[in-house]
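Numbering (my numbering), first residue to last: 82 to 186. Just so you know, even glycine gets a beta-carbon here, dropped at the ideal spot from N, CA and C. Some notes on the structure that comes next.
Given below as structure tokens:
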């Protein structure tokens, strides 16, 4: 499958997990999501959720929209798309920047 389709699949899995965590999903559904994430890992993709991580303008793995006053220390408040890397023998390469909303906690 082309890499662009794997990235789309990764985004869909991330969105599904994000929506389910907000509610009270069954353990069976969460188990299936974990299996889907395992398949993505087998395909060589690594998904990272930067929620609550500190943010500064030097981060090259995020595309951020700033909300509020944006004074002081900023943190990732919401993740629209996860950071996606491809894992290779020599390390990993960025395939998709995370799309996030940052602001003060």
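Contact annotation: the region 158-165 touches the region 176-184, with at least three C-beta pairs closer than 8 angstroms. Here DSSP, grouped into helix, strand and coil, assigns residue 122 to helix. Around the beta-carbon of residue 135, fewer than 16 other beta-carbon atoms lie within 10 Å, marking it exposed. Out of 132, 117, 155 and 183, the CA that lies nearest to the CA of residue 146 is found in 183. Within the region 153-183, there are no complete alpha helix (DSSP H) runs of at least 4 residues.
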